[in-house]
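Structure first, then comments.
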Amino acid sequence: MSNVTYASINDDILHSMRPPGKTWFASMAIILTMLGMGIFAFGYQIRHGMEGSGINNPIGWGVYITNFVFWVGIGHAGTLISAVLFLVRAPFRTSIYRASEAMTVFAVMTAALFPLIHIGRVWNFYWLIPYPNQRLLWVNFKSPLLWDVFAVNTYMSVSILFFLVGLVPDFAVVRDESKGLKRLFYGIAALGFRGTNHEWKHYMRAYLLFAAIATPLVFSVHSIVSWDFAMSSIPGWHTTIFPPYFVAGAIFSGCAMVLTLLLPLRAIFPGFKDIIKMKDMEAMAKMIMFTGVIVTYAYSIEFFIAYYSGAKYEKALFWFRPFGELKFFFFLMVFCNCVSPLPLWIKKIRTNVPALFLISILVNIGMWMERFNIVVTSLAHDFDPYAWGSYTFEWVEIWITIGSFGWFSMWFFIFVKIMPSLAVAELKEALVPPMRSAHHE
Amino acid sequence: MTKGINRRDFFKVAAVSGAAAAVAGCGSDPVETIIPMLVPPSEYQPGVVFNFASTCTECSGGCGLVIKTREGRAIKAEGNPLHPLNRGSICPQGQSSMQAMYSPSRSKGPNQQGAPVKWDEGIAALATAMKGGKTLYIGKPRSGSFKKLLAGVLGTDGSSLQFEMSPYASIAKGNEIAFGTAEVPQYAIGEAKVLVSFGADFMESWMNSQANLRDYTKMHAFSHGQKGKFIHVSTHQSMTGSNADQWLSVKPGQEAQVALGMAAALLPGSAMAGNEGLKSYLSGFSLEKVSERTGVSVKVLEELAKDFAQGGASLAIAGGNAQSTGEGAKLQVAVNLLNVVAGNLGKTVLFGAETQMGGDSLSKMADAIKQMAAGAYQVVVIENVNPAYALPKGAGFAEALAKVPMVVSLSTEEDETSALAHMHLPTSHTVESWGDLNPRKGIHSLIQPAMAKLPGYETLELGDLLLALGKQLGAAEASAATYQDYIKAAWMGYQKDWAVAGPFEAFWKKSLQQGGHFGEFAPKSVSLQSSAYAAEMAPKAEAAGLTLLAVNSSMHDANGAGGNRSWLLEIPHPVTQLVWDSWLEVHPDTAVELGLKHGNFAEVKTAAGTQKLGVFVNYGIARGVVAVPTGLGRNIPFPTYISTRGKSLLMPHVEMAADVTIKPLQVGLSAAQLLDFKLDPLSGDLVFTTAVEVKATDEDAYMVTPEGTAKHHDIAALSLEYTKANMGDRSLKGRGFVKMTSVEAMQGHSEEHDLEHHLRHRHYETTLPDNTSFYQERAADVAYHVEWSKRDKPVYYESHKWEMAVDLDRCIGCSACVVACYAENNVSVVGKERMSKGREMAWIHIARYQEPNHETGELETYFTPQMCGQCANAGCEPVCPVYATYHNDEGINAMIYNRCVGTRYCANNCAYKQRRFNWRTYEFPAPLHMQLNPAVTVREKGVMEKCNFCFSRVRAGKDLAKDQGREVFDGEILTACQETCPTDAISFGNIKDSKAKVTQIKTTTNRGYTQLDEVNYLPAVTYLKKINHDNKKA
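Protein sequences appear in the order of chains A and B. Just so we're aligned: 119 in UniProt numbering is position 119 of the first sequence, and the numbers increase by one with no gaps anywhere. Just so we're aligned: 25 in UniProt numbering is position 25 of the second sequence, and the numbers increase by one with no gaps anywhere.
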């Protein structure tokens, strides 16, 4: 703490915005290749139909919807950290919220692609939007998919706005540190923010307001996403536990993704190590521990209810998940989500960077598997035994999934280079003002 | 002219038949236009269906057809309701004749080894060759006027042979021995209370399956508190046996023993008891001895004999596999004895019909092959039969044919035999031709062209070709200008023979409208001859070792005509549910013994060769027997969609537009390649069995079925019956898709509405709609729930609410409804790989479940047709974000293809999984696309589709009623599946009409249920429980 000063924060954070080096370009090349794979596969799918993905007759949703829920879920941690933790004044928020929020925006941008990718006739996607048209066609507000359209769009616009509002003072810092065209550009982005008391007062009020608007979305969006499933009649989907279960799962995966992104960021930019403290990472780990327990509880209660309800369809499905032919995905999920976070209860492990990174990756995999299990196994084994099916992956969906990671990473890499990845102003706020430090320490 | 569009009034379109026929007679038109008739006949109306009565020539059964045409193109083959044999239904193969008509394998025009020739040159060449020596004509079995013309054209130097693989020669021979008349009798199945079939798959390939099924339904369907009993005795159950009330599995080739044992048991009480010769003959077949030989217990045999004693109201028939063991004639003799002893002769077994079914005995073919090999023939003409494919290699057909100087094929399609011909003069398909058939005395069916010749195909009608040929040869018989004239002239003679009053034109028109001239026949009496119980008639007592059976089914038979039709390959085989493949059916115990595993390849070695076949483990076959389906192994031109099977998923597999070419694809393998050319010494029928060695392999056979149960185990339901040899769980898993009850339980419920419904061409009084809710008795319940849940009001239907009832006691699983649906609704055929991935498009399917028999512990088969239930409280409708599926005011879950964006949520939320998604745009290889029904949209990639109760037909029916200013008659609108059902299992109608049959069935039945009631989707399809005779079945 002692060596962190206003100036060092400026230097360290803006250091990350220096012109990209070879590593950045090499990474970007890989990322763009991934994105290109996704675009190619999507183009192929548009031209030839949906059969390049493993979805089939009983299993109408597969990897695409899994990806959708996965990416929406990832987004949640960012909003949770930036909005909810802001309202509750959690101290560990400051260092990590900017990157987390960026993650949210990009994750939701990724997620929003999947409903489009997954529909059979994407060229007609705008029919999902209620707009006046000469054909007098309207949308069906009873359909949870339509609720999704609104939930995701609302979430995306609010998180982008909240993100940009948070950036205003930091853009001003970048403006002040730069020259020429760059100065002009950041000046526009900073909306002429000069840091007067008057401005700060209004700014803080606005920020608080946005945090309050964003907070309910943390809970509503994933609840609505869960209704895509819970509102249906399919065993394994039709359950009241889904909204809290999904929200907990979303925060679980989101926190893991924050770790997955910030731990390398911290390693790449040495200056960040002093700012993003191990203590903050540990707080994330604790969030993972907590939500991991909720998720594990949800898994077990699903099995209990299947047994306790006596509903044969439900029972058969919950036999199928651990013992059917898709059991690999189930056990992978259980291992990653229930077992792998357990070591975090030991302080030594949750403060160990490689261990933390590894576990965060496992949790990400596990949460993808959770969505895959919910989406696919339920459809594979529902009411009519004649119609039961199975899932095999196909190249198009795999490539599109790779492409989605490319898309997300591309935005994140650009973000690191053009925006302050940590919240400059708020970090300074947390510091003891320079002239007083000697006294108090 | 509006009346002409009503299919039930089709006989009123006489003038149309004549006019269209005149157009058809103009010869082939190479120009393809949107509407093929440039100057249409005056009655022609675009967008309106015209029906032409005709006759099916797929087998020799002679079922009446109605060819439905739109814009001058035939689009569907339906059964002729006025025809006394099939009475409106038609089998899968008969319906698939449309795919033969528009077959991608059709020959484009006359050619000499690929080089096109002109028609007159080709005929002249053939005539010249025929003048040079003896001619052999090998053709389809064709009764009627054609025979005479052919004989006249061939003259004294020519001979003809009617080729069919199962020509019922054993039945004829057995009757010759037993009764002194080599006739295939009429079996009055409908009059019997107990039917015992010795291997005769009468629901599939034995005789006229449609006529059989009509009669069987009469006898077997629950009606007035009663139900006949059907017992199947065979080594291979087949679909027919799986519908039996009791299936006796006997050791291979031992069916005759059971028949004789029953006869022996019944003899003491019968009219024949005094016949000493018979008595001493039958003494060798005491139940104990028979039991020892067949493996059936004495008690079961005793009960069987007791059941059979019905005082003349029972019937035993023989055929199918039991008759293809080399002792077919002996089996027929044994069955004849049984029928005589039981007093059935003259009651359920009728002679005198002069049935012309099946072709010539294969011994005649064997002779012909010898003669060909010896160089006796100058010319061999082969017409629409495929002996090069169908006959076992051992027959030496191809080798013998190679010795013939001039081989001419007259086949419509290019096939294995036409490939061996020097010249191919393709004849037109039946749908484009004139003709007549006489399947038995009293039934004279007409064939009339329903459309002009297929554009771009230079073909000639078979009759016209023969006439042209005859003229060149100077045959007196060939003086008629066209074959139409020839038939007309013949019928002019018939009019006198049948003493039909009135002018000929009126008689002719009426016959064309009705599809022929129909009457009864006078049975002639026959009596048992002593040769029937001569010692040499005794069947062999020892069962053979491991035996291979080549089996016919409703989908494919040994002639192989359907082996290149995509509908018949894509629609799952009823018993095995397998698609696009051959298989080896094995009993679980045999499989365990031989180490075979369900789904793996087995090496099958017979004297004729070694083949690899996928193992299908099933209880419907005797131990010590393996069965292979016939009729497969042919090439079908099919689109080569890209395959990702077994390829890396990380690499792209890109299908270019040019990649989707139509290439010949071999499907399965021909069972004939495993058989010897061995004939029944008495009758000359081919022996469809052979000794076999089977060796297990570990290789996956890639057998594909649309059912989920073969691969996926439900732990909760696993039991021994399903685990043997890895066969998988095929049970209902307690989910009640098929429900059963017993005759006992139904006692006292004889008031149940008699289901003789179907309502073809009947006009019933209709009550005008009442304004009550369709929910009827459920209304109160619904009102309560509506109030409680605060949800929208239930939909109240104005005047129509279409509902369906499916009687599972009648459904036999034949899948004719599925074919009808494919034809009517332009359902895409997707191929094996796409089927394996769960991308089948069938709107209706026959789900086959197997449940254990409480007594034997073996599995019994149950069938249920599954289609969209048009649920009143559907799961699919509220989840669609764009209202692409919605509930229309007639109770249909309508699909608006144009509006669909393809979220597939509706399919996910359908508890019955009846929705089908277009995973790609599927190809209809030319000219199959011309079969597409213009009344139904062809769907593109990314769109959801499903059954809509043939709403295009509902629309057409309502429009007609509107034009005529009346209500829709009950039974006026038939769904495609209902229309073709040979057992009338499906009823359809307006539930708001209290007099409608479907309403009456639903309100009076006490065995109705809806599937998955607990999900509360309120489907409009009510199923009626299957009625078992006793509780031996599950």
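Ideal Cβ positions, reconstructed from N, Cα and C, are used throughout, including at glycine.
Under DSSP, Trp24 of chain A takes part in no beta bridge, so it has no partner.
If you check the CB distance, Gly49 of chain A and Trp919 of chain B come in under 8 Å. Here the segment 77-97 of chain B does not lie against the segment 241-250 of chain B, with fewer than 3 beta-carbon pairs under 8 Å apart. Per DSSP, the continuous alpha helix (DSSP H) segment holding Glu288 of chain B begins and ends at 287-294. Residue-level contact by beta carbon holds for Met50 of chain A and chain B, with a gap shorter than 8 Å. Under the Cβ criterion of 8 Å, Ala874 of chain B is not counted among the residues facing chain A.
With its beta carbon less than 8 Å from one in chain A, Phe737 of chain B belongs to the interface. Going by C-alpha positions, Gly52 of chain A is about 16 Å away from Asp659 of chain B. Here Gly891 of chain B is not near Tyr1017 of chain B, since their CB atoms are 8 Å or more apart. The alpha helix (DSSP H) runs lying completely inside the segment 522-598 of chain B and spanning 4 residues or more are 566-570, 588-594, given in chain order. Under the DSSP assignment, Pro639 of chain B falls outside any alpha helix (DSSP H), being part of the beta strand (DSSP E) whose first and last residues are 635-639.
Its chain contains Gly199, Ala200, Asp201, Trp206 as the residues whose beta carbon lies nearer than 6 Å to that of Gly320 of chain B, once the 5 sequence neighbours on both sides are disregarded; these appear in chain order. Within a 10 Å sphere around the beta-carbon of Lys306 of chain B sit fewer than 16 other beta-carbons, which makes this residue exposed. Counting only residues of its own chain and dropping the five nearest sequence neighbours on each side, Leu326 of chain A has a CB closer than 6 Å to the CB of Thr377. Neighbourhood of Cys950 of chain B in chain A, by CB distance below 8 Å: empty, with the nearest CB roughly 22 Å away. At a cut-off of 8 Å, the C-beta of Trp227 of chain A has no neighbouring C-beta in chain B.
Bounds of the beta strand (DSSP E) holding Phe518 of chain B are 516-518.
Contact between Leu584 of chain B and Phe616 of chain B is confirmed by a C-beta separation of about 7 Å, below the 8 Å threshold. Residue range 1026-1028 is occupied by the beta strand (DSSP E) that includes Lys1026 of chain B.
Considering only A:Ser8, A:Ile96, A:Phe70, the residue with the shortest C-alpha distance to Leu259 of chain A is A:Ile96. Pro216 of chain A counts as exposed, since fewer than 16 other C-beta atoms from the protein chains shown sit within 10 angstroms of its C-beta.
Judged by DSSP in its simplified three-state form, Met867 of chain B adopts coil rather than helix or strand. If you draw a straight line from the Cα of Ile74 of chain A to the Cα of Met103 of chain A, it comes to about 8 Å. Look at Glu851 of chain B: its C-beta is not under 8 Å from any C-beta on chain A. Met231 of chain A: not part of any beta strand (DSSP E); DSSP gives it neither H nor E.
Counting C-beta pairs closer than 8 Å gives three or more between the segment 593-606 of chain B and the segment 692-700 of chain B, which meets the contact rule. Interface flag for Ala230 of chain A against chain B is unset, since no Cβ pair is found closer than 8 Å.
Your pair Met17 of chain A and Lys417 of chain A checks out as a contact, with CB atoms roughly 6 Å apart and the cut at 8 Å. Relative to Thr392 of chain A, the option among B:Met867, B:Leu650, B:Gln257, B:Gly728 whose CA is nearest is B:Leu650. Rounded to whole angstroms, the separation of the alpha carbons of Phe229 of chain A and Val105 of chain A is 24 Å. For a Cβ distance threshold of 9 Å, residue set Met50, Ile55, Gly60, Trp61, His118, Ile119, Gly120 of chain A lies close to Arg904 of chain B, ordered along the chain.
Per DSSP, the beta bridge partners of Thr606 of chain B are B:Gly609. A distance below 7 Å between beta-carbons, with the five flanking residues on each side excluded, links Asn873 of chain B to the following residues of its chain, in chain order: Asn1016, Tyr1017, Leu1018. The three-state reading of DSSP puts Asn1006 of chain B in coil, since its state is none of H, G, I, E or B. In the three-state scheme derived from DSSP, where H, G and I count as helix and E and B as strand, Phe222 of chain B is classed as coil. DSSP places Asn893 of chain B in the strand class (E or B) of the three-state scheme.
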